[in-house]
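**Q**
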Amino acid sequence: MTNKASLLLWLVILTGCNGKSRLQLWYDSPAGIWEATLPLGNGRLGMMPDGNPLQENIVLNEITLWSGSEQDATNPAAVESLPRIRALLLEGKNNLAQELMYETFICGGAGSGRLGGAGVPFGCYQVLGNLRLEYNDQSKPEKNYRRNLDLEKAVAYTRYKEHKREYFTSFTHDVGVIRLKPGKKSHTVIRLDRPERFATTVENDRLVMRGTLSSGVEGQDGMRYLVKVGVNHSGGRVIYAGDSIVLDGVRKATLILSAATSYFHSDPEIHCDTLLKKALKIKYKHLRKDHISAYQSLFKRVNLHLGPQKNASALPTDLRLAAYQNNPDPSL
């Protein structure tokens with residue numbers, strides 16, 4: 000790169016740093032499919048809130064959660080067939096050589112399970128679960144509805160009328176955080192589930208989901224996982240019963256979600272509890288401030304400004320995408 004080009008790049012970057020960028024994705028309706036949810040993650044934990052006003056689902060992920068187990072995939076037939084394959088190639092019989100490779104150059108055992116890897120030792124990545132929030136709001140939630148992801152803070156929001164929710168996966172305390180301001184006469188039910196192999200209970204004022212995944216080997220346990228949710232609140236009351244937590248008349252609530260697996264921890268319970276107990280002792284404003292500070296120490300190392308964009312952020316992101324082919328939108 001020439002000196003002039005280098006100088007130009009730094010001028011562009013510095014210009015961006017001095018500007019008031021509004022880097023965000025925003026929508027005026029809830030996500031109808033998983034791909035339209037707002038992605039949050041700190042490198043280990045992931046949350047994907049859909050922003051539904053009445054029955055919200057937040058898909059949860061943990062980076063180490065895999066099914067399967069150790070396996071011996073050795074296949075002696077591969078090396079034994081190699082001389083014959085070479086001979087066929089030298090004879091110009093490429094098709095026969097290829098067929099023999101397809102038959103013998105495969106791993107031993109069940110392999111990847113022919114797209115069913117979750118049920119064999121090969122294994123595959125597994126979703127951690129779903130955090131479900133059921134609200135009793137009888138108003139018209141579509142009025143003034145907005146959900147957005149602030150890319151400069153790694154915080155997502157859902158707002159409508161007097162309702163407000165905030166979500167982030169803490170870069171400092173390694174937990175998921177959901178802040179609820181549900182409005183007057185609120186009644187919110189909180190549950191945890193996943194597609195299979197789970198049990199949800201309430202233990203010591205915590206909502207707990209735990210289970211063991213398939214190892215792919217009969218009689219052998221797979222990876223263990225654990226999710227716990229604790230609540231700090233003001234006003235109203237919190238009811239712990241059965242397999243759910245109920246927030247009754249609560250003005251504000253902070254949900255702290257901790258998760259762990261046996262991939263790194265022989266006892267994931269200890270690690271999960273340690274993270275949860277520590278985070279529950281910290282006020283929400285400090286959790287949020289610490290998270291944003293740690294995130295921005297990485298995110299704000301470089302800022303690229305692509306010039307003024309009149310009213311670009313006034314349109315919901317899905318409409319900007321739809322209009323992109325006919326309307327230049329550099330900041331998108």
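Quick note, the sequence shown lines up with residues 0 to 331 if you use numbering that gives the first Met the number 0.
Note that beta-carbon positions come from the ideal geometry of N, C-alpha and C, so glycine has one too.
Quick check: the stretch 22 to 40 against the stretch 73 to 91, are at least 3 beta-carbon pairs closer than 8 Å?
**A** no
**Q** What is the rounded straight-line gap between the Cα of ASN60 and the Cα of ARG43?
**A** 8 Å
**Q** Please classify ARG236: is it buried, with 16 or more other beta-carbons within 10 angstroms of its beta-carbon, or exposed?
**A** exposed
**Q** Classify GLN324 as buried or exposed, calling it buried when 16 or more other Cβ atoms lie within 10 Å of its own Cβ.
**A** Exposed is the call here.
**Q** Tell me which residues share the same chain as THR1 and place their Cβ nearer than 7 Å to its Cβ, disregarding the 5 neighbours each side in the sequence.
**A** Here the model assigns THR1 a pLDDT of 46, short of 50, so the residue's position is not dependable and the matter cannot be decided.
**Q** For SER185, count neighbouring Cβ atoms within 10 angstroms of its own Cβ and tell me buried if that reaches 16, exposed if not.
**A** buried
**Q** Give the DSSP bridge partners of ASP332, in chain order.
**A** Look at the range of the chain in this structure, 0 to 331, and you will see that residue 332 is not part of it.
**Q** Bridge partners for HIS186 per DSSP, in chain order?
**A** HIS186 is bridged to ASP247.
**Q** Note the first and the last residue of the continuous beta strand (DSSP E) segment covering THR199.
**A** 198 to 201
**Q** Any idea what DSSP makes of ARG21, helix, strand or coil?
**A** coil
**Q** Can you give me the C-alpha to C-alpha distance between SER66 and PHE170, rounded to a whole angstrom?
**A** 26 Å
**Q** Count Cβ pairs between the stretch 139 to 153 and the stretch 192 to 206 that sit closer than 8 Å; are there 3 or more?
**A** no
**Q** For the alpha helix (DSSP H) holding LEU274, just list the boundary residues, first then last.
**A** 267 to 279
**Q** Evaluate GLU55 with the Cβ neighbour count: other Cβ atoms within 10 Å of its Cβ, from every protein chain shown; 16 or more gives buried, anything less gives exposed.
**A** buried
**Q** Please classify HIS172: does DSSP put it in a helix, a strand, or coil?
**A** coil
**Q** Rounding to the nearest angstrom, what Cα-Cα distance links LEU320 and LEU95 in this structure?
**A** 49 Å
**Q** How many Å lie between ARG401 and VAL126 at the Cα?
**A** In the structure displayed, the chain extends from 0 to 331; residue 401 sits before or after that span and is not available.
**Q** Give the straight-line distance between the Cα atoms of PRO315 and VAL301, rounded to the nearest whole angstrom.
**A** Cα-Cα distance, rounded: 26 Å.
**Q** Taking C-alpha atoms, which residue in GLY40, ASN41 and ILE57 lies nearest to PRO48?
**A** ILE57
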